[in-house]
Structures are given as C-alpha cells and as structure tokens.
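A.B. asks:
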Amino acid sequence: MLFYDGFMPASDSRRNMRLHIAVYAFDGVTMFHLSIPQAVFGSVARLGLADWEVGLFTTRPAPGRESPESGIDSPASIRTAEGYLLDGLSGPGLAETADVVVVPAWFADGRQAGAELCSLLESAHRRGTAVVGLCLGAIPLAEAGLLEGRRATTHWRAFEPLAHEHPEIDLDDSVLYVDHGDVLTSAGAASGLDACLHLVRSRLGADAANTVARHLVVAPHREGGQAQYIERPVPQHPRADPVGQAMAWALEHLAEPLPVDRLAGAAQMSVRSFIRAFRSATGDTPAAWVRSQRVGQAQRLLESTDLTVEQVASACGFGSAVTMRQVFSATVRAAPSAYRRRFRTRDGTAPRLENRPTAPR
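Everything in the sequence shown is counted per full-length UniProt numbering, starting at 1 for the first residue and increasing by one.
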C-alpha cells in the first residue's frame, strides 16, 4: 500500500482545477509503462491536489464490437504484453475531449503506429491538446509529424533507428525529458516518472509534485537535462560513498557558497577526482547539480512562505536577487514573482495551464 504521512488538502480553487488525461492502451503494451501515467496523474486526485481525471482509451474494438454501428466510444479491450485482458476501455472519443493525450510506450521492433493513431494524435495536437510520448511512445509522435524540426528524446537504444527514419528530429540522448509545452517526450522506462512528475510540477507547482512523489516513494525531481544513462547510480546511502556524502552535506549548506573545492573537501577527495566521480555518478557537473538544488529550494520557498525574493535568494545561496532571477528564469521559464503568483499555496491561487515551462537543456 502506498502511504504519504504528510498530506495536506489543497485549497478549494486548486482542487477544482479540472484536467482530463487520456492514456493510449494497445495490444502488447507492458503493464509497467501503462501504469506510470495512471499512478502519477491519478495520485493528484486521490491526494486532493486537483480534480484530474485519467482514463484509458484504445483504437481497437473488443471482439464482437467491430461493426461501424457499435460506435467509436463503445467499450473496447486490449491484451497486455504480460497476457492480461483489459476490458471496458474507452474508444478514441476519449482523446477528442482530453486536455492531455499520453502514448505511454511503443514497440521496439520497428513497427509503425498506423494511420489511425497518427491521425488521432495530429488532430488532438491541432485542437490544442498537449501530447506526451513516454519512452518509445515518441515513435508514434514522430510518425504523426509532431516532432518535426524539434528537439526530442526517447529510449537511448531507439536513437539510431529513429534518427534514421526521422532525420528531421533533433534527437537528444543526454536528457530525461524534453517539454515544448504542447509536446513532451521522455527517455527510457523510469524517466517516464520524471516526465509525468514534471507535468504535475509545471501545472500545480513543486510542492504538489513533491507530494505525489513522496506518495509514490520516488525521487521528487530529476532535472530534464540529466543524462538518461549512467553507469553507476547516485548512492542511496550517502555515507557509503564519498560523492553521496558530499551531496548530502551540500543540501544542508545550500545558503553558503559551494564551489567545487568545498564539495571535494566534503567528499575527502581531490578536486579532479571528485569532478570525475561526480559526473560518473550523476551524469552532471557539481555546479549544475548545486544550481538545480538551489532552484528547487527557491520554488518551495516561493510557494509556501512570505519571504521576499531577496530573502529567498539568500536562503538558497544565490548571493543576490539579481543572480537568482537570472538562474531561476532560465531554468523554470518564469520570473520568481510570476512563479509565486502562479503556484502560491497559501492564498489558493489556481495555476494556469498556459505558458508551461520547458525542461532545461
């Protein structure tokens, strides 16, 4: 059972913020990939954060319901890769009224999405619906023309064939997700969690995303610009690893200057060895990681306190409000004051859906 021990109900205005999310289910989809958007987005409503509805739809009618008279919204069924039969799914009509359409995965054998799915995605996008391709779900988005001339990502093993089939796409294998506001793609498997939490964060704020992450017992925030494939994961027990020890120490000293030599000292390593070990563990530089942590802390303080921007800048170690505004705006795609107005938790201001932030490069 999932349990969150610090849940506080959202304000009435935020709880009443409606969002309809349609997740595409198809024969052969894995339960893991199909469950990610349902777990993340479904938790938003279950935790009382906002009125989000998540539903499954398919383009395949159930046996005996193939006739045109049955209608596109007749109950349908699919069989997952594990052999489970999912019945009673909605038809394509669910996607026609959704605010967000999610393709949670696709096949790795090179098969095409087909005209029906591509037309559905293209039509949804043209209506202003946000379209999300998680992991190999980027492939149908590419075939629908939604990624043409755009930066995107997918599972790192699919980069070569996708680049060959769609050279018009600017594929980036160094990130976890890429969000253009109207189209979002993520890298392989678990990075779908990061992308879905990012979508929650961009609409409801960092505090709401952290609440969902804690409920699901997953990392609350991995930057979109983090490498999707690293040889050695960040240690779960910091004291067992000098890099993890330095990271834990840095989180307790964000208000202070944190040049790389201080971090290396906390790890009891030389600067050169520390930089090499840090990049091996995280896929990022120490400076970029510290900057990300400071921005995240600033988001939380802007949402939940009355501190001025100058005070937030000092508490997060930016040195000055000017520096904080520059770094914060470049990362979140919103000025600190605008972010506070959008995601304020005390006054219950409901977040807007427009001007969604883009994951940093």
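The beta-carbon is built from N, C-alpha and C at its ideal position, and this holds for glycine as well.
Please confirm if the segment 41 to 57 is in contact with the segment 19 to 30, defined as three or more CB-CB distances below 8 Å between the two stretches.
C.D. replies: Because the criterion of three Cβ pairs below 8 Å is met, the segment 41 to 57 and the segment 19 to 30 touch.
A.B. asks: Between T185 and Q245, what straight-line distance do the alpha-carbon atoms span, to the nearest angstrom?
C.D. replies: Translated into the one-based positions of the sequence shown, residue 185 becomes position 185. Translated into the one-based positions of the sequence shown, residue 245 becomes position 245. When rounded, the distance between both Cα atoms is 33 Å.
A.B. asks: For Y177, which option in E303, S191, A130 and C316 has the closest C-alpha, if you only look at C-alpha atoms?
C.D. replies: Position 177 of the sequence shown, counted from the first residue, corresponds to residue 177. Cα-wise, what sits closest to Y177 is S191.
A.B. asks: For the candidate residues R291, T282, D241 and S280, whose alpha-carbon lies nearest to that of P259?
C.D. replies: Position 259 of the sequence shown, counted from the start, is the residue given in the question as residue 259. Ranking the options by Cα distance to P259, first place goes to R291.
A.B. asks: Is it right to say P233 is buried, meaning 16 or more other beta carbons lie within 10 angstroms of its own, or is it exposed?
C.D. replies: By 1-based counting over the sequence shown, the position of residue 233 is 233. Low confidence applies to P233: its pLDDT is 41, below 50, so where it sits in the model is not reliable enough to give any reading.
A.B. asks: Going by Cα to Cα distance, which pick from H155, H164, F328 and A113 is closest to L141?
C.D. replies: Position 141 of the sequence shown holds residue 141. Among H155, H164, F328 and A113, the Cα nearest to that of L141 belongs to A113.
A.B. asks: When the Cβ atoms of the segment 274 to 293 are set against those of the segment 246 to 255, are three or more pairs found closer than 8 Å?
C.D. replies: Output reads yes: the segment 246 to 255 touches the segment 274 to 293.
A.B. asks: Apart from the five residues just before and just after L254, which ones in its own chain have a Cβ nearer than 7 Å to its Cβ?
C.D. replies: Counted from its first residue, the sequence shown places residue 254 at position 254. Counting only Cβ-Cβ distances below 7 Å, and skipping sequence neighbours, we find Q293, R294, Q297, C316 and G317.
A.B. asks: What does the alpha-carbon distance come out to for the pair V217 and M31?
C.D. replies: Indexing the sequence shown from 1 puts residue 217 at position 217. Indexing the sequence shown from 1 puts residue 31 at position 31. Answer to the nearest angstrom: the Cα atoms are 19 Å apart.
A.B. asks: With a threshold of 8 Å, are at least 3 pairs of Cβ atoms found where one atom belongs to the segment 132 to 140 and the other to the segment 150 to 158?
C.D. replies: Yes, the segment 132 to 140 is in contact with the segment 150 to 158.
A.B. asks: Per DSSP, which residues does S186 bridge with? Please list them.
C.D. replies: Locating residue 186 in the sequence shown gives position 186, counting from the first residue. Per DSSP, Y177.
A.B. asks: Closest by CA to G188, which one among P167, C118, A108 and A115?
C.D. replies: Here residue 188 refers to the residue found at position 188 when the sequence shown is read from its first residue. When each option's Cα is compared against that of G188, the closest is A108.
A.B. asks: What whole-angstrom Cβ distance do T129 and A98 have, given they're in contact under 8 Å?
C.D. replies: Numbered from its first residue, the sequence shown carries residue 129 at position 129. Numbered from its first residue, the sequence shown carries residue 98 at position 98. Confirmed, about 6 Å.
A.B. asks: Strictly by DSSP, which residues pair up with F57?
C.D. replies: On the sequence shown, residue 57 is found 57 positions in, with the first residue counted as 1. DSSP output for F57 lists Y24 and S90 as bridge partner(s).
A.B. asks: Which residues in the same chain as V39 place their Cβ atom closer than 7 Å to its Cβ, once the five residues preceding and following it in sequence are excluded?
C.D. replies: Mapped onto the sequence shown, residue 39 falls at position 39. The residue you asked about is not Val; residue 39 is Ala in the sequence shown. Closer than 7 Å at the Cβ level, and outside the excluded window around A39, lie L216.
A.B. asks: Which term fits P242, buried or exposed, when burial requires 16 or more other beta carbons within 10 angstroms of its beta carbon?
C.D. replies: Counting from 1 along the sequence shown, the entry for residue 242 is found at position 242. The residue in question, P242, is buried, as its Cβ has 16 or more Cβ neighbours within 10 Å.
A.B. asks: So, helix, strand or coil for D51, using DSSP?
C.D. replies: Here residue 51 is taken as the residue at index 51 of the sequence shown, counted from 1. In the structure shown, D51 sits in a strand (DSSP, three-state: E or B).
A.B. asks: Evaluate L85 with the Cβ neighbour count: other Cβ atoms within 10 Å of its Cβ, from every protein chain shown; 16 or more gives buried, anything less gives exposed.
C.D. replies: Position 85 of the sequence shown holds residue 85. L85 is exposed by the Cβ-count criterion.
A.B. asks: Considering only the alpha carbon of each residue, which of G133, L94 and P104 lies closest to R36?
C.D. replies: Position 36 of the sequence shown, counting from 1, holds the residue named residue 36. Position check: residue 36 holds Ile in this sequence, whereas Arg was assumed. Considering only alpha carbons, the answer is P104.
A.B. asks: By Cβ distance below 7 Å, which residues in the same chain neighbour D207 in space, the five residues on each side in sequence not counted?
C.D. replies: Mapped onto the sequence shown, residue 207 falls at position 207. Around D207: R300, E303, S304 and T345.
A.B. asks: Could you tell me the distance, in whole angstroms, from the CA atom of L171 to the CA atom of A158?
C.D. replies: On the sequence shown, residue 171 is found 171 positions in, with the first residue counted as 1. On the sequence shown, residue 158 is found 158 positions in, with the first residue counted as 1. One C-alpha to the other measures close to 10 Å.
A.B. asks: From T80 to L34, what distance separates their C-alpha atoms?
C.D. replies: Mapped onto the sequence shown, residue 80 falls at position 80. Mapped onto the sequence shown, residue 34 falls at position 34. Approximately 9 Å between the Cα atoms of the pair.
A.B. asks: Using CA coordinates, which residue listed in L94, E96, A95 and S77 is at the minimum distance from D87?
C.D. replies: Looking up residue 87 in the sequence shown gives position 87. Taking only the C-alpha atoms, the option nearest D87 is S77.
A.B. asks: Quick one: Cα of R111 to Cα of S119, how far?
C.D. replies: Residue mapping note: residue 111 aligns to position 111 of the sequence shown, counting from 1. Residue mapping note: residue 119 aligns to position 119 of the sequence shown, counting from 1. Cα-Cα distance, rounded: 17 Å.
A.B. asks: Mapping DSSP to helix, strand and coil, what is A98?
C.D. replies: Residue 98 sits at position 98 when you count from the first residue of the sequence shown. If DSSP states are grouped into helix, strand and coil, A98 belongs with coil.
A.B. asks: Please classify D170: does DSSP put it in a helix, a strand, or coil?
C.D. replies: By one-based count along the sequence shown, residue 170 stands at place 170. In the structure shown, D170 sits in a strand (DSSP, three-state: E or B).
A.B. asks: Could you spell out the range, first to last residue, of the alpha helix (DSSP H) harbouring A288?
C.D. replies: In the sequence shown, counting from the first residue as 1, residue 288 sits at position 288. Segment P286 to S304, the alpha helix (DSSP H) holding A288.
A.B. asks: Ignore the nearest five residues each way along the sequence and tell me which others in G42's own chain have a CB closer than 8 Å to its CB.
C.D. replies: Reading the sequence shown from its first residue, position 42 is the one you call residue 42. Contacts found: W52 and V54.
A.B. asks: Can you tell me the Cα-Cα spacing of A144 and P167, whole angstroms?
C.D. replies: Position 144 of the sequence shown, counted from the start, is the residue given in the question as residue 144. Position 167 of the sequence shown, counted from the start, is the residue given in the question as residue 167. Distance between the alpha carbons of A144 and P167 is about 14 Å.
A.B. asks: Is S119 helix, strand or coil when you go by DSSP?
C.D. replies: Numbered from 1 along the sequence shown, position 119 holds the residue referred to as residue 119. S119 falls in the helix class under three-state DSSP.
A.B. asks: Could you check the C-alpha separation between D173 and L162 for me, to the nearest Å?
C.D. replies: Indexing the sequence shown from 1 puts residue 173 at position 173. Indexing the sequence shown from 1 puts residue 162 at position 162. Looking at the two C-alpha atoms, the distance is approximately 12 Å.
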